[in-house]
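**Student:** Take a look at the following structure, please.
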Amino acid sequence: LANNKNKMTNESSIKYFIVQAMASTMLLFSILMIQMKYSMGWESEIIPSMMISSSLLLKIGAAPFHFWFPEVMSASSWINCLTLMTWQKIAPMMILSYCIQMGTFMFFITISSIIIGALGGLNQTSLRQLLAYSSISHIGWMISSLIVSENIWEFYFIIYSLLSLILVLLFKQSNLFFMNQIYSTSNMKMEIKFMMFLSLLSLGGLPPFLGFMPKWIVMQSMIE
(Lines of atoms letter the chains of each structure in order from A and count residues from 1; the text may use other names and numbers.)
(Lines give C-alpha, C1' and ligand atoms only; values in the text may rest on other atoms or scores of the structure.)
Protein backbone atom coordinates (compact mmCIF):
# COMPACT_ATOMS: atom_id res chain seq x y z
CA LEU A 1 0.00 0.00 0.00
CA ALA A 2 2.84 2.40 0.77
CA ASN A 3 4.34 4.60 -1.93
CA ASN A 4 7.28 6.92 -1.31
CA LYS A 5 6.07 9.37 -3.98
CA ASN A 6 2.55 9.77 -2.59
CA LYS A 7 1.92 11.13 0.93
CA MET A 8 -1.80 10.24 0.85
CA THR A 9 -0.97 6.64 -0.01
CA ASN A 10 1.52 6.48 2.85
CA GLU A 11 -1.09 7.89 5.25
CA SER A 12 -3.67 5.32 4.13
CA SER A 13 -1.15 2.49 4.53
CA ILE A 14 -0.47 3.61 8.13
CA LYS A 15 -4.23 3.69 8.84
CA TYR A 16 -4.56 0.21 7.36
CA PHE A 17 -1.65 -1.09 9.44
CA ILE A 18 -3.05 0.39 12.69
CA VAL A 19 -6.54 -1.03 12.09
CA GLN A 20 -5.23 -4.48 11.18
CA ALA A 21 -2.90 -4.45 14.20
CA MET A 22 -5.81 -3.51 16.48
CA ALA A 23 -7.98 -6.27 15.02
CA SER A 24 -5.21 -8.86 15.36
CA THR A 25 -4.57 -7.84 18.99
CA MET A 26 -8.28 -8.13 19.70
CA LEU A 27 -8.39 -11.56 18.08
CA LEU A 28 -5.43 -12.85 20.11
CA PHE A 29 -6.90 -11.43 23.32
CA SER A 30 -10.21 -13.17 22.57
CA ILE A 31 -8.45 -16.50 22.05
CA LEU A 32 -6.59 -15.96 25.33
CA MET A 33 -9.92 -15.32 27.08
CA ILE A 34 -11.29 -18.61 25.72
CA GLN A 35 -8.22 -20.46 27.01
CA MET A 36 -8.68 -18.83 30.43
CA LYS A 37 -12.35 -19.82 30.35
CA TYR A 38 -11.46 -23.50 30.02
CA SER A 39 -8.71 -23.36 32.64
CA MET A 40 -10.76 -21.39 35.19
CA GLY A 41 -14.15 -22.97 34.49
CA TRP A 42 -15.99 -19.86 33.26
CA GLU A 43 -19.42 -20.56 31.84
CA SER A 44 -20.06 -17.57 29.62
CA GLU A 45 -18.83 -17.70 25.99
CA ILE A 46 -20.73 -14.67 24.74
CA ILE A 47 -18.05 -12.00 25.30
CA PRO A 48 -15.08 -13.93 23.79
CA SER A 49 -17.19 -15.05 20.80
CA MET A 50 -18.39 -11.50 20.14
CA MET A 51 -14.82 -10.19 20.42
CA ILE A 52 -13.56 -12.77 17.91
CA SER A 53 -16.36 -11.91 15.48
CA SER A 54 -15.81 -8.15 15.98
CA SER A 55 -12.07 -8.42 15.33
CA LEU A 56 -12.67 -10.34 12.09
CA LEU A 57 -15.43 -7.93 11.01
CA LEU A 58 -13.06 -5.02 11.68
CA LYS A 59 -10.45 -6.66 9.45
CA ILE A 60 -12.84 -6.93 6.49
CA GLY A 61 -14.45 -3.51 7.04
CA ALA A 62 -18.01 -4.58 7.85
CA ALA A 63 -20.36 -1.96 9.32
CA PRO A 64 -20.23 -0.49 11.93
CA PHE A 65 -16.47 -1.25 11.85
CA HIS A 66 -16.13 0.24 8.37
CA PHE A 67 -14.80 3.69 9.35
CA TRP A 68 -11.30 3.01 7.96
CA PHE A 69 -12.21 1.28 4.71
CA PRO A 70 -13.43 4.15 2.44
CA GLU A 71 -10.54 6.39 3.57
CA VAL A 72 -7.90 3.76 2.81
CA MET A 73 -9.54 2.91 -0.52
CA SER A 74 -9.73 6.56 -1.64
CA ALA A 75 -5.94 6.98 -1.36
CA SER A 76 -4.91 3.61 -2.80
CA SER A 77 -3.98 2.58 -6.33
CA TRP A 78 -6.49 0.53 -8.32
CA ILE A 79 -4.53 -2.70 -7.84
CA ASN A 80 -4.40 -2.12 -4.07
CA CYS A 81 -8.13 -1.35 -4.11
CA LEU A 82 -8.78 -4.70 -5.79
CA THR A 83 -6.68 -6.44 -3.13
CA LEU A 84 -8.59 -4.71 -0.32
CA MET A 85 -11.97 -5.56 -1.86
CA THR A 86 -11.24 -9.22 -2.56
CA TRP A 87 -8.07 -11.00 -1.43
CA GLN A 88 -7.91 -9.25 1.95
CA LYS A 89 -11.36 -10.61 2.90
CA ILE A 90 -10.70 -14.31 2.25
CA ALA A 91 -8.78 -15.32 5.41
CA PRO A 92 -10.97 -13.41 7.94
CA MET A 93 -14.18 -14.74 6.37
CA MET A 94 -12.89 -18.30 6.36
CA ILE A 95 -12.10 -18.01 10.08
CA LEU A 96 -15.47 -16.33 10.64
CA SER A 97 -17.22 -19.32 9.05
CA TYR A 98 -16.13 -21.53 11.97
CA CYS A 99 -17.71 -19.34 14.66
CA ILE A 100 -20.56 -17.58 12.85
CA GLN A 101 -24.12 -17.95 14.16
CA MET A 102 -27.28 -16.10 13.15
CA GLY A 103 -27.96 -14.28 16.39
CA THR A 104 -28.99 -10.69 17.11
CA PHE A 105 -25.40 -9.47 16.75
CA MET A 106 -24.84 -10.96 13.29
CA PHE A 107 -28.29 -9.87 12.14
CA PHE A 108 -27.39 -6.29 13.16
CA ILE A 109 -24.02 -6.50 11.34
CA THR A 110 -25.63 -7.86 8.18
CA ILE A 111 -28.40 -5.26 8.00
CA SER A 112 -26.04 -2.40 8.97
CA SER A 113 -23.52 -3.33 6.28
CA ILE A 114 -26.16 -3.59 3.54
CA ILE A 115 -27.86 -0.30 4.48
CA ILE A 116 -24.71 1.75 5.20
CA GLY A 117 -23.06 0.45 2.03
CA ALA A 118 -26.09 1.33 -0.08
CA LEU A 119 -26.68 4.78 1.44
CA GLY A 120 -22.99 5.67 1.67
CA GLY A 121 -22.47 5.18 -2.05
CA LEU A 122 -25.36 7.42 -3.15
CA ASN A 123 -23.58 10.80 -3.13
CA GLN A 124 -20.08 9.59 -3.98
CA THR A 125 -18.20 11.20 -6.85
CA SER A 126 -15.02 9.21 -6.23
CA LEU A 127 -15.05 5.84 -7.99
CA ARG A 128 -12.77 4.31 -5.35
CA GLN A 129 -15.06 5.37 -2.51
CA LEU A 130 -18.07 4.19 -4.51
CA LEU A 131 -16.50 0.73 -4.79
CA ALA A 132 -15.58 0.89 -1.09
CA TYR A 133 -19.20 1.39 -0.02
CA SER A 134 -20.30 -1.21 -2.55
CA SER A 135 -17.86 -3.62 -0.91
CA ILE A 136 -19.32 -2.85 2.54
CA SER A 137 -22.80 -3.64 1.23
CA HIS A 138 -21.58 -6.88 -0.35
CA ILE A 139 -19.98 -7.87 2.97
CA GLY A 140 -23.48 -7.91 4.49
CA TRP A 141 -24.67 -10.26 1.74
CA MET A 142 -21.54 -12.41 2.05
CA ILE A 143 -22.06 -12.81 5.80
CA SER A 144 -25.65 -13.88 5.08
CA SER A 145 -24.42 -16.40 2.51
CA LEU A 146 -21.81 -17.67 4.97
CA ILE A 147 -24.53 -18.34 7.55
CA VAL A 148 -26.56 -20.29 4.98
CA SER A 149 -23.81 -22.32 3.29
CA GLU A 150 -20.08 -22.08 2.60
CA ASN A 151 -20.68 -23.19 -1.00
CA ILE A 152 -23.06 -20.26 -1.56
CA TRP A 153 -20.48 -17.90 -0.03
CA GLU A 154 -17.80 -19.24 -2.39
CA PHE A 155 -20.09 -18.72 -5.38
CA TYR A 156 -21.00 -15.20 -4.21
CA PHE A 157 -17.36 -14.29 -3.60
CA ILE A 158 -16.24 -15.54 -7.04
CA ILE A 159 -18.94 -13.50 -8.83
CA TYR A 160 -18.17 -10.41 -6.72
CA SER A 161 -14.41 -10.76 -7.31
CA LEU A 162 -14.93 -11.20 -11.06
CA LEU A 163 -17.07 -8.05 -11.34
CA SER A 164 -14.63 -6.08 -9.17
CA LEU A 165 -11.71 -7.24 -11.32
CA ILE A 166 -13.45 -6.14 -14.54
CA LEU A 167 -14.26 -2.69 -13.14
CA VAL A 168 -10.81 -2.12 -11.66
CA LEU A 169 -9.08 -3.10 -14.91
CA LEU A 170 -11.37 -0.80 -16.92
CA PHE A 171 -10.81 2.14 -14.54
CA LYS A 172 -7.06 1.53 -14.42
CA GLN A 173 -6.74 1.24 -18.19
CA SER A 174 -8.73 4.46 -18.71
CA ASN A 175 -7.01 6.23 -15.78
CA LEU A 176 -10.36 7.13 -14.17
CA PHE A 177 -10.84 8.08 -10.52
CA PHE A 178 -14.04 10.19 -10.49
CA MET A 179 -17.53 9.81 -11.94
CA ASN A 180 -17.39 13.02 -14.01
CA GLN A 181 -14.32 11.72 -15.86
CA ILE A 182 -16.45 9.00 -17.44
CA TYR A 183 -18.69 11.63 -19.07
CA SER A 184 -16.02 14.24 -19.83
CA THR A 185 -13.42 11.92 -21.38
CA SER A 186 -13.99 12.30 -25.11
CA ASN A 187 -11.33 9.87 -26.36
CA MET A 188 -12.84 6.88 -24.56
CA LYS A 189 -14.53 4.31 -26.77
CA MET A 190 -18.27 3.87 -26.39
CA GLU A 191 -17.76 0.13 -25.96
CA ILE A 192 -15.59 0.76 -22.87
CA LYS A 193 -18.16 3.15 -21.38
CA PHE A 194 -20.95 0.68 -22.07
CA MET A 195 -18.99 -2.13 -20.41
CA MET A 196 -18.31 0.11 -17.38
CA PHE A 197 -21.99 0.91 -16.87
CA LEU A 198 -23.02 -2.72 -17.32
CA SER A 199 -20.40 -3.81 -14.78
CA LEU A 200 -21.48 -1.11 -12.31
CA LEU A 201 -25.13 -2.13 -12.65
CA SER A 202 -24.17 -5.77 -12.22
CA LEU A 203 -22.05 -5.02 -9.14
CA GLY A 204 -25.05 -3.14 -7.75
CA GLY A 205 -27.04 -6.38 -8.00
CA LEU A 206 -29.72 -5.15 -10.38
CA PRO A 207 -31.68 -7.78 -12.32
CA PRO A 208 -31.19 -9.31 -14.86
CA PHE A 209 -27.42 -8.78 -14.57
CA LEU A 210 -24.92 -11.35 -13.27
CA GLY A 211 -24.50 -9.65 -9.88
CA PHE A 212 -28.17 -10.23 -9.05
CA MET A 213 -27.84 -14.02 -9.27
CA PRO A 214 -25.86 -14.64 -6.02
CA LYS A 215 -28.13 -12.26 -4.09
CA TRP A 216 -31.19 -14.11 -5.37
CA ILE A 217 -29.67 -17.45 -4.32
CA VAL A 218 -28.89 -16.08 -0.83
CA MET A 219 -32.44 -14.73 -0.42
CA GLN A 220 -33.99 -18.01 -1.57
CA SER A 221 -31.75 -20.06 0.75
CA MET A 222 -32.54 -17.86 3.76
CA ILE A 223 -36.29 -18.13 3.09
CA GLU A 224 -36.05 -21.92 2.87
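Quick note: the sequence shown uses full-length UniProt numbering, first residue 1, plus one each step.
Idealized CB from N, CA, C, for every residue including glycine.
1. Quick check: the region 62 to 78 against the region 100 to 114, are there 3 or more CB pairs under 8 Å?
2. Per DSSP, which residues does S126 bridge with? Please list them.
3. Tell me the start and end of each unbroken alpha helix (DSSP H) in the region 29 to 88 that is at least 4 residues and wholly inside, in chain order.
4. What's the gap between the Cα of N10 and the Cα of K59?
5. With distances taken between CB atoms, is the gap from M195 to L131 smaller than 9 Å?
6. Could you say which of F108, I182, M50, S30 lies nearest to L200 if we only look at CA atoms?
7. Rounded to whole angstroms, what is the Cα-Cα separation between F29 and F209?
8. Anyone know if the C-beta pair for L56 and M106 falls short of 9 Å?
9. Spatial neighbours of S97 within its chain, please: C-beta separation below 8 Å, excluding the five flanking residues on both sides.
10. Taking all protein chains shown into account, do 16 or more other C-beta atoms lie within 10 angstroms of the C-beta of M142, making it buried, or fewer, making it exposed?
11. Output yes or no for whether 9 Å exceeds the beta carbon distance between L82 and L165.
12. Could you name each continuous alpha helix (DSSP H) segment of 4 residues or more that falls completely within the region 89 to 169, going from the start of the chain to the end?
13. Measure the CB-CB distance between S74 and S12 and report whether it falls below 9 Å.
14. Helix, strand or coil for L187 per DSSP?
15. Can you tell me which of F69, M51, K37 puts its alpha carbon nearest to the alpha carbon of I18?
16. Whose C-alpha, out of K172, F178, S134, is nearest the C-alpha of L203?
17. Please name the residue, chosen from M222, Q124, L167, that lies closest to I192 on a Cα-to-Cα basis.
18. Can the beta-carbon of N175 be found less than 9 Å from the beta-carbon of T125?
19. Tell me the residue span of the alpha helix (DSSP H) that contains P214.
20. Rounded to whole angstroms, what's the CA-CA distance from M33 to Q101? Just pull it up for me.
**Tutor:** The short version:
1. yes
2. F178
3. 46 to 60, 69 to 74, 78 to 85
4. 19 Å
5. no
6. I182
7. 43 Å
8. no
9. L146, E150, W153
10. buried
11. yes
12. 104 to 120, 127 to 148
13. yes
14. For the record, residue 187 in the displayed sequence is Asn; it is not Leu. Looking at N187 - three-state DSSP - the assignment turns out to be coil, as it is neither helix nor strand.
15. F69
16. S134
17. L167
18. no
19. 212 to 223
20. 19 Å
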